[in-house]
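Peer 1: Below is a structure I'd like to ask you about.
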Amino acid sequence: MHESIASATDALIENKNRLAGWLAYNPKSPDRPSRPGYRPPNLYVLEFTDSGLPHLHVVFFGVPWVTTQAALSTYWERREQGRVVDVRRLSNRRGRWRWSGDRPDDAAGQTPRDYLSKSIRALSTVADMTPGDLFDAAAARRSGDPIDALADLWKIALYWATGKRFFDGSGELTKDDNDADSVPHVPRYRFVGAAQYNDLPGYVRSRAAFLTRRDFRDRPPPSMGTGTRNKNVSTTADPVA
109 MHESIASATD ALIENKNRLA GWLAYNPKSP DRPSRPGYRP PNLYVLEFTD
159 SGLPHLHVVF FGVPWVTTQA ALSTYWERRE QGRVVDVRRL SNRRGRWRWS
209 GDRPDDAAGQ TPRDYLSKSI RALSTVADMT PGDLFDAAAA RRSGDPIDAL
259 ADLWKIALYW ATGKRFFDGS GELTKDDNDA DSVPHVPRYR FVGAAQYNDL
309 PGYVRSRAAF LTRRDFRDRP PPSMGTGTRN KNVSTTADPV A
């Protein structure tokens, strides 16, 4: 048993990290299920149940086989994390990831991407709400009559309270590539304040470039900063709930 949701979450993620080392050992025994024999790159998604308990969805990359569902269930049970495990396989079809075989029972009509991004969508919903909307949603939940579409928004607070990310994983999948030079530069202005010309210190006036309205019509933004880029990550194998 754990003292809090935070300690339960810490233990769950710690044992997930140990799982990679467990998979790296292949027993090569006829009476024991095989394992990859190395640490497969992986991503995991943290979610919380309606009772607030944490659970993980883990996606292993580039492996057609991890081990048996029974072996994974035993791994988690021995670490007092429960034994409910659901293994599914994904495949890439024309650049899109699909379920290969049956999908999870609670993923009806959802692609793997949809299924694994539920919490991110909830965060986006919260970000678009006004304070009044959030107050009404919280009041509805306290009264026992939450709006179905907003019923899970309270779980967003658990990520903040536990200090956990929505997802994480192997460094090669979660860290930026060292290819910034290949990203196109996007010029832009950066606003730092407003002041009357006479109020500016001399050292600022001597180094500044002053633009008039005509300059704004005829010139692109000055070259400052760097552009941003999107990083796409794909999955190839078995999510472990």
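Per the working numbering, the sequence shown starts with residue 109, numbered consecutively. Glycine included, C-beta positions come from ideal geometry on N, C-alpha and C. Keep in mind the model is a prediction, meaning the values are calculated, not measured.
(1) Among R201, F275, P162, G310, whose alpha-carbon lies nearest the alpha-carbon of S112?
(2) Identify whether L161 lies in helix, strand or coil by the three-state DSSP scheme.
(3) Under 9 Å between the Cβ atoms of L127 and V167?
(4) Considering R204, what are the terminal residues of the beta strand (DSSP E) in which it resides?
(5) Does DSSP put S112 in a helix, in a strand, or in coil?
(6) In whole angstroms, give me the CA-to-CA distance for L281 and L266.
(7) Is it the case that the region 167 to 177 contacts the region 238 to 257, given that we only count it when at least three CB pairs across the two stretches are under 8 Å?
(8) Among all the DSSP beta bridges, which residues are the ones paired with S199?
(9) Whose CA, out of Q218, G209, D158, A119, lies closest to the CA of G190?
(10) For the structure I just gave you, are there three or more beta carbon pairs, one from the region 144 to 154 and one from the region 268 to 276, closer than 8 Å?
(11) Do V175 and S137 have their C-beta atoms within less than 9 Å of each other?
(12) Taking the C-alpha atoms as reference points, what is the distance between R196 and D213?
(13) By the 10 Å Cβ neighbour count, where 16 or more other Cβ atoms means buried, how is L319 classified, buried or exposed?
(14) State the Cα-Cα distance for the pair R140 and E122, rounded to the nearest angstrom.
(15) Which whole-angstrom value describes the C-beta separation of L261 and T238, a residue pair presumed to lie in contact below a C-beta threshold of 8 Å?
(16) Buried or exposed: T117, going by 16 or more other Cβ atoms within 10 Å of its Cβ?
(17) Measuring only the C-alpha atoms, how far is Y302 from G310?
(18) Can you tell me where the alpha helix (DSSP H) with G310 in it begins and where it stops?
(19) For V193, which three-state DSSP category applies?
Peer 2: Walking through what the data contain:
(1) P162
(2) coil
(3) no
(4) 204 to 207
(5) coil
(6) 25 Å
(7) no
(8) R206
(9) A119
(10) yes
(11) Contrary to the premise, residue 175 reads as Thr rather than Val in this sequence. For T175 and S137, no; Cβs fall outside 9 Å.
(12) 11 Å
(13) exposed
(14) 24 Å
(15) The pair is not a contact, with the Cβ atoms about 13 Å apart (cut-off 8 Å).
(16) buried
(17) Contrary to the premise, residue 302 reads as Ala rather than Tyr in this sequence. The straight-line gap from Cα to Cα measures roughly 16 Å.
(18) 310 to 315
(19) coil
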